[in-house]
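A.B. asks: When you line the sequence shown up against the numbering used here, it's residues 1 to 691, in that order.
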Amino acid sequence: MKKAISILLVLVLLISLAPLSVFAAGDEYETITGTVMFNAGHDDSKTDHPCPFTYSDEYFTQTGYNYRQDLATVTMAMCFAAGNVADPARYKEGPANLINFFDQIGFKDFEANKDFTERPGRNTFGVGIANKVIYIDGEKYTVIGIGLRGCGYYAEWAGDLNVGLEGDHTGFAICRDTALAFLKDYLAKHTEITGKVKLWCTGYSRGAAGTNMLGGAIDDIIASGGSIGKNVELSADDVYFYCYEPPMGADVNKIGSSIYNNIHNIVNYNDLVVKVAPECMGFGRYGVDHVLPSAKLDDNYDVLKADMLEVFSTFENAGTYRIDNFKYVTVTPKATISKILNLKNGITMTQGEFLDRFVQKLFTEVFTKRAEVYAAQDDISEIVLPLIGTYPDQWDTFVDILSKNAAKNIGELIYMIKNKSTEEVVNFVANLFLDAMREAGITEYNFEQVKKMVRPLTLTVIKIVTKCPDEFATLIFNIVGIMSAHYGELGMSWMMSIPDDYMNSKPDAVVNNMPFTDVGMGSWFYDNVKYCYDNGLMIGADASSFAPEGAVSRGQVVTVLYRLAGTPSVAGQTCPFTDVDESWCKDAIVWGYNAGVVMGYDDNTFRPDECVTREQLAAFVYRYANDGTAASGKASTFTDGSLVSDYAVPAMNWCINKGVVIGMGDGTLYPQGGSTRAQFAAMISRLALAG
1 MKKAISILLV
11 LVLLISLAPL
21 SVFAAGDEYE
31 TITGTVMFNA
41 GHDDSKTDHP
51 CPFTYSDEYF
61 TQTGYNYRQD
71 LATVTMAMCF
81 AAGNVADPAR
91 YKEGPANLIN
101 FFDQIGFKDF
111 EANKDFTERP
121 GRNTFGVGIA
131 NKVIYIDGEK
141 YTVIGIGLRG
151 CGYYAEWAGD
161 LNVGLEGDHT
171 GFAICRDTAL
181 AFLKDYLAKH
191 TEITGKVKLW
201 CTGYSRGAAG
211 TNMLGGAIDD
221 IIASGGSIGK
231 NVELSADDVY
241 FYCYEPPMGA
251 DVNKIGSSIY
261 NNIHNIVNYN
271 DLVVKVAPEC
281 MGFGRYGVDH
291 VLPSAKLDDN
301 YDVLKADMLE
311 VFSTFENAGT
321 YRIDNFKYVT
331 VTPKATISKI
341 LNLKNGITMT
351 QGEFLDRFVQ
361 KLFTEVFTKR
371 AEVYAAQDDI
381 SEIVLPLIGT
391 YPDQWDTFVD
401 ILSKNAAKNI
411 GELIYMIKNK
421 STEEVVNFVA
431 NLFLDAMREA
441 GITEYNFEQV
451 KKMVRPLTLT
461 VIKIVTKCPD
471 EFATLIFNIV
481 GIMSAHYGEL
491 GMSWMMSIPD
501 DYMNSKPDAV
511 VNNMPFTDVG
521 MGSWFYDNVK
531 YCYDNGLMIG
541 ADASSFAPEG
551 AVSRGQVVTV
561 LYRLAGTPSV
571 AGQTCPFTDV
581 DESWCKDAIV
591 WGYNAGVVMG
601 YDDNTFRPDE
611 CVTREQLAAF
621 VYRYANDGTA
631 ASGKASTFTD
641 GSLVSDYAVP
651 AMNWCINKGV
661 VIGMGDGTLY
671 PQGGSTRAQF
681 AAMISRLALA
691 G
């Protein structure tokens, strides 16, 4: 009986894996259905998992600038296949699933670069290419399919952290350059490929970043009149690049042109990966972001989610959908271990909104310069590379166990950071790592070795907890759900369930990446607050509110101006104020004093918590700008211009001349009235944009 059942199962599997070709009535294009195998990457299985797909050459009859749901869905199947096979011991067979996918849809002459069949290293990048001749209105085209490895790349993970010091993300630029070089080599070798070609490229996560930046390079080549190969013709309309959950890696100064809109980025708003490397440090993506459904962005989310979950349940390893279980956590610093964490059930922040806030604070308060991130990546690599390079079989299990243990022990970790010595914290973290390593089967390390390994990372964690305790606690408490937002099965379930017109029916403006429930997209100050938030100049009053009508303190003003100046080092500098040593904004005040931006009171105090008036705010801004521009008598054109204090007249006149102050809208300046946070955001954004 067992043999009969086994034979039956084998037959069913063979039938399901065999592509089925049909012709739609009245349609000249063949429709192929099949099953692609893929490495999930987030479980400890050494077995690949199945995913169905539907393909047709007809998908390439439209311009690449048009987003097509059918093409996007089968392209995601291709990007699944482009991961290494699940068993790390079979790394020499890395592109086997991609080969099988191309075979099923009629592509030939598959070749993989050397990196795809060797054990991954820090800067390797797997690329697989095949081609197929199709005809559109009787005209011959060769479709070049390019799969970029985005799963099962092990030690390449360290390259994801290599942001570099300027320009493009260094690690992802290596991916781009590797793929472009191999594409050119492929075309040079296959001289039979001539005439018009179409490029079809995809990747997931790291592979998506490579796809995005390769697409940018291809579009630049086309725009400049260059070529990707001898005797081939490539139009921008024939570029079909789809990136799934892509990090940001392109220099934000390069990405603005609409020529890149044949690059389509499918992003989950609740995924941390798509929010880094951060925009506030100069990173972005080429092309158009197409955002999957979320509670934040869709009024009919419950209906869309129900349809998605039906598909999600068909994936054998999908697990539990956790994203909507997100809970915000706050820290009570002096509480006992059992009471140090507080679940804020009344805060209706979504996971995506929290991640926006976390990334913003992380890269404006903890890492204020790109060079600091670049330095920190080495500390993480010191942990990752020895483990992932030596123990690829155990890596996924180790990460899973460590994540769960960290979530269980986050209260104790924060308590120790707040109340214990650095050495005790290092010991605690080392034990968390050692326990996870041993449970995963990594037994060669002793405590002292692990302690040395985790020390630099622990010091970074201490820094984060000191600056962002609530955000760090929330991140670790929800870490399993946050990681699950990046799982491919979830993205594919959305792609297979959303209506065909879903992406194209969503205006770009609907995407508000700020977590503030009190900053409506129709508010007069929306653009000003968004500018300050996106550029790391201002954050919220708390986790979910900006408090636009809230007052502005002297400490807040100098802090924002300090950030606008690029948070320069204050090492070796002092100030005479007696009330700032313990202040949260001490560095900003020291900078402001030495830069001539701030002045104190006669009693040698600064009074950082004292609220400012509109004319005082103008004086701060004027001293900050210090551009020597003469200020004419503009204040007098307002009905209450005579109320401006004598000391503030030059400052107010300058601000009016520069468009930084425009009045209250009723012909008044209200100079001695208090300034709100919304008004302050407006002044700062105008100041920044005015140069």
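Beta carbons are placed, not taken as given, at the ideal position from N, Cα and C, and that holds for glycine.
If you're wondering where the values come from, they're calculated on a predicted model, not measured in any experiment.
Distance check for N409 and R677, CA to CA, integer angstroms please.
C.D. replies: Here residue 677 refers to the residue found at position 677 of the sequence shown. Here residue 409 refers to the residue found at position 409 of the sequence shown. Cα to Cα, the separation comes out at about 37 Å.
A.B. asks: So I539 is in the beta strand (DSSP E); what residue range does that whole segment cover?
C.D. replies: What you label residue 539 is simply residue 539 of the sequence shown in a count that begins at 1. No beta strand (DSSP E) contains I539, which DSSP labels as neither H nor E.
A.B. asks: By Cβ distance below 7 Å, which residues in the same chain neighbour V425 in space, the five residues on each side in sequence not counted?
C.D. replies: By 1-based counting over the sequence shown, the position of residue 425 is 425. Cβ within range, chain order: M416, I417, T458 and I462.
A.B. asks: DSSP three-state label for I146, please.
C.D. replies: For the purposes of this step, residue 146 is taken as residue 146 along the sequence shown, with counting starting at 1. Here I146 sits in strand by DSSP.
A.B. asks: Would you kindly work out how many angstroms separate the C-alpha atoms of T314 and P120, rounded to a whole number?
C.D. replies: By one-based count along the sequence shown, residue 314 stands at place 314. By one-based count along the sequence shown, residue 120 stands at place 120. Near 31 Å, if we compare the C-alpha coordinates of P120 and T314.
A.B. asks: For K586, which option in R614, A551, G572 and G555 has the closest C-alpha, if you only look at C-alpha atoms?
C.D. replies: One-based indexing of the sequence shown puts residue 586 at position 586. Answer by Cα proximity: G555.
A.B. asks: Would DSSP call G319 helix, strand or coil?
C.D. replies: Looking up residue 319 in the sequence shown gives position 319. G319 falls in the coil class under three-state DSSP.
A.B. asks: Counting C-beta neighbours from all protein chains within 10 Å, is the total for Y242 16 or more, i.e. buried, or is it exposed?
C.D. replies: Position 242 of the sequence shown, counted from the start, is the residue given in the question as residue 242. So Y242 ends up on the buried side.
A.B. asks: Sorted by chain position, which residues of the same chain lie with C-beta nearer than 7 Å to A440's C-beta, five sequence neighbours on each side aside?
C.D. replies: Against the sequence shown, residue 440 aligns to sequence position 440. Around A440: Q394, T397, F398 and I401.
A.B. asks: Three or more C-beta pairs closer than 8 Å, one from the stretch 489 to 500 and one from the stretch 64 to 80: is that the case here?
C.D. replies: Here the stretch 489 to 500 lies against the stretch 64 to 80, with 3 or more beta-carbon pairs under 8 Å apart.
A.B. asks: Cα separation between N270 and Q351?
C.D. replies: If you number the sequence shown from 1, residue 270 lands on position 270. If you number the sequence shown from 1, residue 351 lands on position 351. One C-alpha to the other measures close to 6 Å.
A.B. asks: Starting from W200, follow the beta strand (DSSP E) in both directions and report where the run begins and ends.
C.D. replies: Here residue 200 corresponds to residue number 200 of the sequence shown, with the count starting at 1. First-last of the beta strand (DSSP E) with W200: G195 to Y204.
A.B. asks: At which residues does the alpha helix (DSSP H) containing F80 begin and terminate?
C.D. replies: As a first step, residue 80 must be located in the sequence shown, where it is residue number 80. For F80, the enclosing alpha helix (DSSP H) starts and ends at Q69 to A81.
A.B. asks: Count the other C-beta atoms from every protein chain shown that fall within 10 angstroms of the C-beta of K114, then say buried if there are 16 or more, exposed otherwise.
C.D. replies: Sequence index remark: in the sequence shown, residue 114 carries index 114 (1-based). So K114 counts as exposed.
A.B. asks: Applying the 10 Å Cβ sphere with the 16-neighbour rule, what's the burial state of N478?
C.D. replies: Taking the sequence shown and counting its residues from 1, one reaches residue 478 at position 478. It counts as buried.
A.B. asks: Taking only the alpha-carbon atoms, compute the straight-line gap between I323 and S645 and give it to the nearest angstrom.
C.D. replies: In the sequence shown, counting from the first residue as 1, residue 323 sits at position 323. In the sequence shown, counting from the first residue as 1, residue 645 sits at position 645. Distance between the alpha carbons of I323 and S645 is about 54 Å.
A.B. asks: Compare the Cα-Cα distances from Y186 to each of I228, C611 and G167 and report the closest residue.
C.D. replies: For the purposes of this step, residue 186 is identified with residue 186 of the sequence shown, where counting begins at 1. The candidate whose alpha carbon is nearest that of Y186 is I228.
A.B. asks: Fully enclosed by the stretch 261 to 316, which beta strand (DSSP E) runs are 3 residues long or longer?
C.D. replies: Counting only runs that start and end inside the stretch 261 to 316, the beta strand (DSSP E) elements of at least 3 residues fall at 263 to 267 and 288 to 291.
A.B. asks: Quick check: the stretch 200 to 213 against the stretch 233 to 252, are there 3 or more CB pairs under 8 Å?
C.D. replies: Yes, the stretch 200 to 213 is in contact with the stretch 233 to 252.
A.B. asks: Assuming C575 and V590 form a contact by the criterion Cβ under 8 Å, report the distance between their Cβ atoms to the nearest whole angstrom.
C.D. replies: Stepping through the sequence shown from its first residue, residue 575 is reached at position 575. Stepping through the sequence shown from its first residue, residue 590 is reached at position 590. That pair is a contact at about 5 Å.
A.B. asks: Just to confirm, are F107 and N84 a CB contact at a threshold of 8 Å?
C.D. replies: Taking the sequence shown and counting its residues from 1, one reaches residue 107 at position 107. Taking the sequence shown and counting its residues from 1, one reaches residue 84 at position 84. Taking 8 Å as the Cβ cut-off, F107 and N84 do not qualify as a contacting pair.
A.B. asks: One question on the structure: do D579 and F606 come within less than 8 Å of each other, judged by their Cβ atoms?
C.D. replies: By 1-based counting over the sequence shown, the position of residue 579 is 579. By 1-based counting over the sequence shown, the position of residue 606 is 606. Yes, the pair counts as a contact, with Cβ atoms nearer than the cut-off.
A.B. asks: What's the C-alpha gap between Y59 and D137?
C.D. replies: The count along the sequence shown starts at 1 and reaches residue 59 at position 59. The count along the sequence shown starts at 1 and reaches residue 137 at position 137. Cα to Cα, Y59 sits roughly 14 Å from D137.
A.B. asks: Which residue comes first and which comes last in the beta strand (DSSP E) that contains Y135?
C.D. replies: The residue you call residue 135 lines up with position 135 of the sequence shown. Its beta strand (DSSP E) spans residues V127 to I136.
A.B. asks: Taking the alpha-carbon positions, what's the G742 to R623 distance?
C.D. replies: No answer is possible for residue 742: it lies beyond the span of the chain, which begins at 1 and ends at 691.
A.B. asks: If we count Cβ pairs, one from each stretch, closer than 8 Å, do we get three or more for the stretch 257 to 267 versus the stretch 517 to 530?
C.D. replies: no
A.B. asks: In the DSSP assignment, find the beta strand (DSSP E) that holds S56 and state where it starts and stops.
C.D. replies: Stepping through the sequence shown from its first residue, residue 56 is reached at position 56. Where S56 is concerned, the enclosing beta strand (DSSP E) stretches over H49 to S56.
A.B. asks: Measuring straight from C-alpha to C-alpha, what distance separates V366 and D302?
C.D. replies: Taking the first residue of the sequence shown as position 1, residue 366 is located at position 366. Taking the first residue of the sequence shown as position 1, residue 302 is located at position 302. Near 37 Å, if we compare the C-alpha coordinates of D302 and V366.
A.B. asks: Where H42 and F125 are concerned, what is the direct C-alpha to C-alpha distance, given to the nearest angstrom?
C.D. replies: One-based indexing of the sequence shown puts residue 42 at position 42. One-based indexing of the sequence shown puts residue 125 at position 125. Answer to the nearest angstrom: the Cα atoms are 19 Å apart.
A.B. asks: If we ignore side chains and look at the alpha-carbon of each, how far apart do P456 and Y29 end up?
C.D. replies: To locate residue 456, count along the sequence shown from 1; it is residue 456. To locate residue 29, count along the sequence shown from 1; it is residue 29. Whole-angstrom Cα-Cα distance: 58 Å.
A.B. asks: Can you give the beta carbon distance from E610 to A648, rounded, assuming they're within the 8 Å contact cut?
C.D. replies: The residue given as residue 610 occupies position 610 in the sequence shown. The residue given as residue 648 occupies position 648 in the sequence shown. Rounded, the Cβ-Cβ distance is 16 Å, inconsistent with contact.
A.B. asks: Out of E111, R206, I146 and D219, which one is the CA nearest neighbour of H190?
C.D. replies: Position 190 of the sequence shown, counted from the start, is the residue given in the question as residue 190. Of the candidates E111, R206, I146 and D219, the one whose C-alpha sits nearest the C-alpha of H190 is E111.
A.B. asks: Tell me F241's beta-bridge partners as DSSP assigns them.
C.D. replies: As a first step, residue 241 is located in the sequence shown; it is residue number 241 there, counting from the start. Looking at the DSSP assignment, F241 forms a beta bridge with C201 and I263.
A.B. asks: DSSP beta-bridge partners for C611?
C.D. replies: Taking the first residue of the sequence shown as 1, we reach residue 611 at position 611. BP columns for C611 point to S553.
A.B. asks: Report the start-end ranges of each alpha helix (DSSP H) in the stretch 407 to 460 that is 4 residues or longer and not cut off at the edges.
C.D. replies: 410 to 419 and 422 to 439
A.B. asks: Do you know how far the Cα of I656 is from the Cα of G411?
C.D. replies: As a first step, residue 411 is located in the sequence shown; it is residue number 411 there, counting from the start. As a first step, residue 656 is located in the sequence shown; it is residue number 656 there, counting from the start. If I take the Cα positions, the gap works out to 50 Å.
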